[in-house]
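Colleague: Before I ask anything, here is the structure I am working with.
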Amino acid sequence: MTDQPQTEPSPPTNEPYQFGLRSLLALPLLIVVYFALAIWVLGGCLATALTIPAALLLLGCYDPATCRYAKPLLGVYMVLAVIVLLLLPAFPPYGRVVARRTQCSNNLKQIAVGLLSYHDAYGSFPPAFIADENAKPVHSWRVLILPFVEQDALYRKYDLSEPWDSPKNRSLASIALPVFCCPADPRGDTTYTSYVLITGEETGWIEGKCPRLDDVVDSPSETIMLAEIANSNIHWMEPRDLTLSQAMRGINATIGVCISSHHPNGANVACADGSVHFLPNTLPASEIRALITIAGGERIHPGW
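Counting from 1, one number per residue, gives the positions in the sequence shown under the numbering used here.
Structure follows, in structure tokens:
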């Protein structure tokens, strides 16, 4: 028997990667992919999300036979991602989406600070509403904090001796206050409020009560007092808000009144310390409840 000659394994080559036509064509397509990713993040579009892996497969970024395409282009991907993230706010409509959400957050911040300023002045927050002798709500907390949100002149025109919808007070009904209106509301400068208190048992705003910060046994920075509500039919003078049970339906729930907004993927809320946060649509009802109750003792997930 003759021995078979053994072939020496060829030494590994360290050839530089050559950018071929396929790689050059990949660059503009990658830009499209990153913009699609940005659209998905801002708009929550599942169809757009599904185009991303499909595009990557077409570009050869994931090839079971070889990984040589992915490694040399990894730096390119990262640079493109940073460029897109930096330039995205400058491109309409994405820049407008970000700007409106930011202004909405600023509105909530101003209202929350107004409530805290009222607390400093009177030793408590205002009641959710003032009721008449028949226990009918006649004035809203939004009216009571007008002097604390730079609307002192308007407050002096309002007559607290008459209901909010009396002929005299109705003369103010056509006045739209930007601080109470989310800029993302498609109705524009509407007289309907975009911001409400969350009321009811286990919240700070139980009927007829003027809550104090001392009542917030849970951390004020983890206790929601204000929330957005989309497409509201509540006039800013009307004494009506959102109940705890309504809030627990979820963020941007498809059935019933709830915490909601015209922003993609979530809604803004304000806590008892004046901080503003963006709650995602995926937040479960149990966590929403934990964030709203003032003395539940629940453990809040870090970074909520």
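Ideal placement from N, C-alpha and C gives every residue a C-beta, glycine not left out. Small disclaimer: the values here were computed from a predicted structure and weren't measured.
Out of L160, F125, D152, I145, state which residue places its alpha-carbon closest to the alpha-carbon of A131.
Modeller: Taking the first residue of the sequence shown as position 1, residue 131 is located at position 131. Out of L160, F125, D152, I145, L160 has the C-alpha closest to the C-alpha of A131.
Colleague: Leaving out the 5 sequence neighbours to the left and right, which residues in its chain are closer than 6 Å to K109 when beta-carbon positions are compared?
Modeller: As a working note, residue 109 is residue 109 in the sequence shown. Here the set comprises V276.
Colleague: Starting from P167, trace the alpha helix (DSSP H) in both directions and tell me its first and last residue.
Modeller: Working through the sequence shown from its first residue, we reach residue 167 at position 167. It spans 167-170 - the alpha helix (DSSP H) in which P167 sits, taken as one unbroken run.
Colleague: Short of 8 Å in beta carbon distance, which residues of its chain neighbour S221, apart from the five on each side in sequence? Order them along the chain.
Modeller: Working through the sequence shown from its first residue, we reach residue 221 at position 221. The answer, listed in chain order, is C271, A272, D273, S275.
Colleague: Three or more beta-carbon pairs under 8 Å between the region 259-267 and the region 233-240, yes or no?
Modeller: The region 259-267, when compared against the region 233-240, does not touch it at the 8 Å Cβ threshold.
Colleague: Hey, how far is the Cα of D241 from the Cα of G114?
Modeller: As a working mapping, residue 241 is identified with position 241 in the sequence shown. As a working mapping, residue 114 is identified with position 114 in the sequence shown. Each residue's alpha carbon lies about 17 Å from the other.
Colleague: For R249 and N106, what's the separation of their Cα atoms in angstroms?
Modeller: In the sequence shown, counting from the first residue as 1, residue 249 sits at position 249. In the sequence shown, counting from the first residue as 1, residue 106 sits at position 106. Distance between the alpha carbons of R249 and N106: 25 Å.
Colleague: When the Cα of I175 is compared with those of Y158, P183, S124, C210, which residue comes out closest?
Modeller: Residue mapping note: residue 175 aligns to position 175 of the sequence shown, counting from 1. Answer by Cα proximity: Y158.
Colleague: When you compare only the Cα positions, how much space is there between S140 and I206?
Modeller: As a first step, residue 140 is located in the sequence shown; it is residue number 140 there, counting from the start. As a first step, residue 206 is located in the sequence shown; it is residue number 206 there, counting from the start. Those two C-alpha atoms are separated by around 14 Å.
Colleague: G296 and D214 - do their beta-carbons sit closer together than 9 Å?
Modeller: On the sequence shown, position 214 is the one that residue 214 refers to. On the sequence shown, position 296 is the one that residue 296 refers to. Taking 9 Å as the Cβ cut-off, D214 and G296 do not qualify as a contacting pair.
Colleague: Evaluate N252 with the Cβ neighbour count: other Cβ atoms within 10 Å of its Cβ, from every protein chain shown; 16 or more gives buried, anything less gives exposed.
Modeller: On the sequence shown, residue 252 is found 252 positions in, with the first residue counted as 1. With 16 or more other Cβ atoms within 10 Å, it is buried.
Colleague: Could you name each continuous alpha helix (DSSP H) segment of 4 residues or more that falls completely within the region 211-235, going from the start of the chain to the end?
Modeller: None, since the region 211-235 contains no complete alpha helix (DSSP H) of that length.
Colleague: To the nearest angstrom, report how far apart I145 and S117 are at their CA atoms.
Modeller: Here residue 145 corresponds to residue number 145 of the sequence shown, with the count starting at 1. Here residue 117 corresponds to residue number 117 of the sequence shown, with the count starting at 1. Cα to Cα, the separation comes out at about 9 Å.
Colleague: In the DSSP assignment, find the unbroken alpha helix (DSSP H) run with K158 in it and report its ends.
Modeller: The sequence position of residue 158 within the sequence shown is 158, counting from 1. Reading off the sequence, residue 158 comes out as Tyr, not Lys. Here Y158 belongs to no alpha helix (DSSP H), and DSSP marks it neither H nor E.
Colleague: In the DSSP assignment, find the unbroken beta strand (DSSP E) run with V276 in it and report its ends.
Modeller: The residue given as residue 276 occupies position 276 in the sequence shown. Its beta strand (DSSP E) spans residues 276-280.
Colleague: According to DSSP, is G296 helix, strand or coil?
Modeller: As a working note, residue 296 is residue 296 in the sequence shown. In the structure shown, G296 sits in coil (DSSP, three-state: anything other than H, G, I, E or B).
Colleague: Using 10 angstroms around the beta-carbon of E228, count the other beta-carbons present and answer buried if the total reaches 16, otherwise exposed.
Modeller: The residue given as residue 228 occupies position 228 in the sequence shown. Per the 10 Å Cβ criterion, buried.
Colleague: Mind checking which residues open and close the alpha helix (DSSP H) that includes V143?
Modeller: For the purposes of this step, residue 143 is identified with residue 143 of the sequence shown, where counting begins at 1. Its alpha helix (DSSP H) spans residues 141-144.
Colleague: Which word fits I224, buried or exposed, when buried means at least 16 other C-beta atoms lie within 10 angstroms of its C-beta?
Modeller: Taking the sequence shown and counting its residues from 1, the one referred to as residue 224 is at position 224. Classification for I224: buried.
Colleague: Which of the three DSSP states, helix, strand or coil, is assigned to T102?
Modeller: Sequence index remark: in the sequence shown, residue 102 carries index 102 (1-based). Three-state result, T102: helix.
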